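Note that our numbering has the sequence shown beginning at 1, numbered continuously upward.
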Amino acid sequence: MAGGVLEREIMKALDRFLQNWRIDRVRPYLRPGGRVLDIGCADGALFRRQPDLGAYIGMDPALAQPLDAPPCRLIRGVFPDDLPSHEPFDAITMLAVLEHIPPEQYGRLAGACSAHLKPGGYLLITVPSAVVDRILDVLHWARLIDGMALEEHHGFAADRTPTIFASTELELVKRTRFQLGLNNLFVFRRRLT
Numbered sequence: 001m002a003g004g005v006l007e008r009e010i011m012k013a014l015d016r017f018l019q020n021w022r023i024d025r026v027r028p029y030l031r032p033g034g035r036v037l038d039i040g041c042a043d044g045a046l047f048r049r050q051p052d053l054g055a056y057i058g059m060d061p062a063l064a065q066p067l068d069a070p071p072c073r074l075i076r077g078v079f080p081d082d083l084p085s086h087e088p089f090d091a092i093t094m095l096a097v098l099e100h101i102p103p104e105q106y107g108r109l110a111g112a113c114s115a116h117l118k119p120g121g122y123l124l125i126t127v128p129s130a131v132v133d134r135i136l137d138v139l140h141w142a143r144l145i146d147g148m149a150l151e152e153h154h155g156f157a158a159d160r161t162p163t164i165f166a167s168t169e170l171e172l173v174k175r176t177r178f179q180l181g182l183n184n185l186f187v188f189r190r191r192l193t
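Encoded structure:
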């Protein structure tokens, strides 16, 4: 039993390390005093890593503990349905989220992201490469991970991301790989009108 607890603690530390790596990739696009929406916020780690944001709203349907402590607000809910305000954001983040969203919801998600961004604002997305699903399956089979919502992964191909968010209002300004090529960063900017 102790081995199982130790394995879970190691994976929690590894999960946190990888999460911080994703956060560090988007931080250059988050300005101090900016208004940020973090879709799939988990426990609000992005805000803890960058507490100088002017306003931070984190949304996650699996959020364990909602929080309303300005400038940080964590909401258990789904974007855009449960977003409490229509005030636009300087940045919207989706870190390791897109691969969990059913394909039939992509169009609505992309439109809502565009609608809730200020002109010049950034949509920042990280999405794992498709091979990660196979790696996670092996780790799950070996009982080295749990609670990763693997049933939601659907073999998402990262190359689809630009097509999903292609619109007259959003333009892809950067795409890069990181985490040994296993993860992808997509940076979209809402065009200035």
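Using N, Cα and C, we set each Cβ at its ideal position, and we do this for glycine too.
Given the structure is predicted, the values throughout are model-derived calculations rather than measurements.
Only counting the same chain, and skipping five residues up and downstream in sequence, which positions put a Cβ closer than 7 angstroms to that of residue i?
{"i": "Ala115", "result": "none"}
Helix or strand or just coil, what does DSSP make of residue i?
{"i": "Asp81", "result": "coil"}
{"i": "Pro88", "result": "coil"}
{"i": "Asp43", "result": "coil"}
{"i": "Thr163", "result": "helix"}
{"i": "Pro103", "result": "helix"}
{"i": "Leu98", "result": "helix"}
Rounded to whole angstroms, what is the Cα-Cα separation between residue i and residue j?
{"i": "Thr163", "j": "Leu172", "result": "10 angstroms"}
{"i": "Arg189", "j": "Pro119", "result": "8 angstroms"}
{"i": "Val131", "j": "Gly181", "result": "10 angstroms"}
{"i": "Tyr106", "j": "Thr176", "result": "21 angstroms"}
{"i": "Leu117", "j": "Leu170", "result": "10 angstroms"}
Beta-carbon within less than 8 angstroms of residue i's beta-carbon, same chain only, minus the 5 sequence neighbours each way: which residues are those?
{"i": "Gly33", "result": "Asp52, Leu53 and Gly54"}
{"i": "Arg49", "result": "Asn20, Ile23, Asp24 and Arg27"}
{"i": "Gly44", "result": "Asp38, Tyr56, Gly58, Leu67, Cys72 and Leu74"}
{"i": "Ala157", "result": "Ala130"}
{"i": "Ile87", "result": "Reading off the sequence, residue 87 comes out as Glu, not Ile. The answer, listed in chain order, is Arg35."}
Which residue wins for smallest C-alpha separation from residue i, given the options the options?
{"i": "Phe178", "options": "Ser129, Leu170, Leu109 and Leu14", "result": "Ser129"}
{"i": "Leu185", "options": "Arg48, Lys174 and Gly107", "result": "Lys174"}
{"i": "Val26", "options": "Ala158, Thr161, Leu123 and Thr193", "result": "Leu123"}
Meets three-Cβ-pair contact criterion under 8 angstroms: the region 111-130 and the region 53-66: Judged by Cβ distances under 8 angstroms, the region 111-130 makes no contact with the region 53-66, as fewer than three pairs qualify.
Three-pair Cβ contact test at 8 angstroms for the region 34-41 versus the region 91-107: As far as the Cβ criterion goes, the region 34-41 touches the region 91-107, which means the pair count is three or higher.
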